[in-house]
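Data first, discussion second: the structure below is written as structure tokens.
If you want it as structure tokens, here you go:
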């Protein structure tokens, strides 16, 4: 395994929720990353953000790690959950709530409901 | 670099010949598209598996800085 992949593997195991994104959770640098970070921030999720723009090895490595060609990428308990479209769908359908519940991740249910109300 | 809507549809239909494929050019720049692919082969697969199959059909056109496609909003499902 390359250094980047070892680093990725260690990161997704060290944190319950990890978002690989362009930019940071406080300053996203791409609309798709911004949307997913925005959902997690609003739902009060404690997560690690990894800025792929800061490390080209990770930027390429993460795509091979998950066999997924795009950024952002969300991981819960070491498992790849999806990119922007999947996370958006799962947020609106409530599947994301279930995933967090099943994995013991604390989140703000009222905030999640507000997102759904606003997009109903 | 960009890719035409027809080219994108053709690529998807090559891999999913029986699918209902709808491609929309979101920004008019040949770089930001939305695609909906409804195919029987998706039945029983989760979204990650479905969308991995679609990305595979695009044969590297999404590959970052060298890719022809910057953004593809994907919706995948099995027929009702």
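Residue numbers (my numbering), protein chains in the order written: chain V, 300 to 419; chain C, 11 to 90. We put the CB at the ideal spot given by N, CA and C, even for glycine. These numbers were taken from a predicted model, which means no experiment stands behind them.
Quick one: Cα of residue 388 of chain V to Cα of residue 379 of chain V, how far?
In the first chain, the residue the question calls residue 388 of chain V occupies position 89. In the first chain, the residue the question calls residue 379 of chain V occupies position 80. For residue 388 of chain V and residue 379 of chain V, the distance between alpha carbons rounds to 15 Å.
Closer than 8 Å between beta carbons: that is the criterion. Which residues of the region 20–47 of chain C meet it against chain V?
none
Buried or exposed: which applies to residue 392 of chain V, given that a residue is buried once 16 or more other Cβ atoms fall within 10 Å of its Cβ?
Here residue 392 of chain V refers to the residue found at position 93 of the first chain. The residue is exposed, with fewer than 16 neighbouring Cβ atoms inside 10 Å.
How many whole angstroms separate the CB atoms of residue 375 of chain V and residue 361 of chain V, which I take to be in contact at a CB cut-off of 8 Å?
In the first chain, residue 375 of chain V corresponds to position 76, counting from 1. In the first chain, residue 361 of chain V corresponds to position 62, counting from 1. About 15 Å separates the two Cβ atoms, so there is no contact after all.
For residue 369 of chain V, return the contacting residues in chain C, with the cut-off set at a CB-CB distance below 7 Å.
Working through the first chain from its first residue, we reach residue 369 of chain V at position 70. Chain C residues near residue 369 of chain V: 72.
Kindly list the residues whose CB is nearer than 7 Å to the CB of residue 371 of chain V, restricted to its own chain and excluding five residues on each side of it in sequence; keep chain order.
Numbered from 1 along the first chain, position 72 holds the residue referred to as residue 371 of chain V. The answer, listed in chain order, is 318, 319, 320, 331, 332, 335, 382, 383.
CA-to-CA distance, residue 27 of chain C to residue 20 of chain C, given in whole angstroms:
Indexing the second chain from 1 puts residue 20 of chain C at position 10. Indexing the second chain from 1 puts residue 27 of chain C at position 17. Using only the alpha carbons, I get a separation of about 9 Å.
List, in order along the chain, the chain A residues whose C-beta lies closer than 7 Å to that of residue 381 of chain V?
Included in the structure are the protein chains V and C, with no chain A among them.
Would residue 85 of chain C count as contacting chain V if we go by Cβ distances under 8 Å?
Taking the second chain and counting its residues from 1, the one referred to as residue 85 of chain C is at position 75. With 8 Å as the cut-off, residue 85 of chain C counts as an interface residue toward chain V.
On the DSSP letters alone, give me the boundaries of the beta strand (DSSP E) that residue 82 of chain C sits inside.
For the purposes of this step, residue 82 of chain C is taken as residue 72 along the second chain, with counting starting at 1. From DSSP, the beta strand (DSSP E) with residue 82 of chain C extends over 81–87.
Who does residue 414 of chain V pair with in a DSSP beta bridge?
In the first chain, counting from the first residue as 1, residue 414 of chain V sits at position 115. Paired residue(s): none; residue 414 of chain V is not in a bridge.
Mapping DSSP to helix, strand and coil, what is residue 404 of chain V?
If you number the first chain from 1, residue 404 of chain V lands on position 105. Residue 404 of chain V falls in the coil class under three-state DSSP.
Among C:12, C:66, C:60, C:72, whose alpha-carbon lies nearest the alpha-carbon of residue 47 of chain C?
Reading the second chain from its first residue, position 37 is the one you call residue 47 of chain C. Answer by Cα proximity: C:60.
Give every residue of the same chain whose Cβ lies closer than 7 Å to the Cβ of residue 357 of chain V, excluding the five residues on either side of it in the sequence, and list them in chain order.
Translated into the one-based positions of the first chain, residue 357 of chain V becomes position 58. Here the set comprises 303, 306, 307, 349, 351.
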